[in-house]
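Just below is one structure, and these are the notes that go with it.
In the UniProt record's numbering, the protein residues as written are 1 to 390.
The structure is reproduced here in structure tokens:
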């Protein structure tokens, strides 16, 4: 069967490559549409990944509580710290840890002396409940007053803090116009909401923000005893805390954050519109190519009909052309998009990277785009009549 298939004349390929210029233009057009979709999906993915990264990689807790008004870290309503301590009444709760959050931090670049906004996390020095690369060394650091940990993956506008710290072993800087000592490094990275992060103790946090009340926190972190049923405890704590608090896992809070950026802002819509525009552009380009190809070879198609070939056979050639265009146009766009992602990451420090899921999605959209164009151009092919050869 394979030998029989190989002996067949590759009409679809010959039709496409007969006019080399048109073929190259077609591939370029499809590649452009795919790159547009890749870029929009990459930005969208970077937005969601960076927004959810603190919940997944920084916060360490089985459950977390926050106000029912919570939507995003950049605008987190505070609540009474006593509400967190209420959860200790549950027999499966092992410990709790308050978390202070503020986007109003002002970090002064040690080199340029320019201030830049930074996200500050105030943690319980005795039970930080955050993921640190070297907790044995870094926790004692933040237990000291006016000591902070700096996000080495933040924007370069904060200064070359990581290298300066590595060379000297410590670094003095200004945060909210107060002198602080950088006692360690961690890595979270920038996002659409914050260009960098600082971790410090709750005591230092309150010194940096003297107008803040110590009994008002943004999030409460809960650690359960070993073997506890997280889902069951979550339901029971939700009932215990009545209707003004939400109790979720950190992954569920990450979903709340993603939902805010996806539906609560215009950014998600803009990226989705960009993908749709790329898809439509691709349909138009492929349709023009296939329609022109059919029009230029209408007499040949009519001749094939006169020789006994069915409409189904002719339509299969058209769809083969569409699939060839989809595959050949996708490959260069895939490679170029990887390079664009690297350039974008270097310029913005956003976590943008190629994923199997994204590549598969764009490839499927490319195939649908080309097949749809072929289906539209099919009308012209159906008009081919043997009488056209005379």
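Glycine is no exception: its CB is placed at the ideal position from the N, C-alpha and C atoms.
- Scanning its chain for C-beta atoms nearer than 6 Å, with the 5 sequence neighbours on each side dropped, one finds around residue 119 the residues 103, 194, 197, in chain order.
- In the DSSP assignment, residue 178 falls within the unbroken beta strand (DSSP E) covering 178-186.
- Apart from sequence neighbours up to five positions away, the residues of its chain that approach residue 378 with a beta-carbon distance below 8 Å are 315, 318, ordered along the chain.
- The beta carbon of residue 57 lies closer than 8 Å to those of 131, 188 in the same chain, with the five residues before and after it left out.
- Pairing residue 37 with residue 279 gives a Cβ-Cβ distance under 9 Å.
- When the Cα atoms are used, residue 82 and residue 283 turn out to be separated by approximately 58 Å.
- Residue pairing by DSSP places residue 246 opposite 66 in a beta bridge.
- Following the DSSP letters along the chain, one finds residue 267 in no beta strand (DSSP E) but inside the alpha helix (DSSP H) bounded by residues 266-296.
- Under the DSSP definition of a beta bridge, residue 50 lacks any partner.
- Shown here, residue 163 sits in a helix according to DSSP, grouped into three states.
- When the five nearest sequence neighbours on each side are left out, the beta carbons in the same chain lying within less than 7 Å of the beta carbon of residue 172 are those of 179, 181, in order along the chain.
- When DSSP reads this structure, residue 95 sits in a beta bridge with 223.
- Residue range 135-143 is occupied by the alpha helix (DSSP H) that includes residue 142.
- Nearest Cα to residue 212 within the set 370, 101, 166: 101.
- Here residue 190 is near residue 154, since their CB atoms are less than 9 Å apart.
- Exclusion of the five residues before and after residue 370 leaves 286, 322, 325, 326 as the residues of its chain whose Cβ lies within less than 6 Å of its Cβ.
- For residue 217 and residue 79, the gap between their C-alpha atoms comes out near 6 Å.
- Within the DSSP secondary-structure output, residue 109 pairs in no beta bridge.
- C-alpha of residue 94 to C-alpha of residue 87: approximately 10 Å in a straight line.
- Taking all protein chains in view, the Cβ of residue 147 is crowded by 16 or more other Cβ atoms within 10 Å, so the residue is classified as buried.
- Around the beta carbon of residue 138, a 10 Å sphere encloses 16 or more other beta carbons of the protein chains shown; the residue is thus reported as buried.
- Residue 73 sits in coil when the DSSP states are folded into three classes, being neither helix nor strand.
- Residue range 81-86 is occupied by the alpha helix (DSSP H) that includes residue 82.
- Judged by their CB atoms, residue 229 and residue 214 are not nearer to each other than the 9 Å cut-off.
- The residue among 308, 361, 374, 29 with its C-alpha nearest the C-alpha of residue 42 is 361.
- Ranking 238, 373, 73 by CA distance to the CA of residue 291 puts 373 first.
- Nearest to residue 176 by C-alpha distance, out of 165, 170, 209, is 209.
- Cβ contact annotation for residue 334 (same chain, cutoff 7 Å, sequence separation greater than five): 359, in chain order.
- Judged by DSSP secondary structure, residue 193 falls outside any beta strand (DSSP E); it is assigned neither H nor E.
- Distance between residue 117 and residue 90, taken at the CA atoms: about 39 Å.
- About 11 Å separates the CB atoms of residue 16 and residue 329; that is not less than 8 Å, and the two are not in contact.
- Beta-bridge analysis with DSSP links residue 174 to 108, 179.
- Burial check for residue 231: the Cβ neighbour count within 10 Å stays below 16, so the residue is exposed.
- Residue pairing by DSSP places residue 117 opposite 106 in a beta bridge.
- Taking the C-beta atoms as reference points, residue 350 is found no nearer than 9 Å to residue 221.
- Within its own chain, the residues whose Cβ lies closer than 7 Å to the Cβ of residue 124, once the five positions on either side in sequence are excluded, are 97, 98, 202, listed in chain order.
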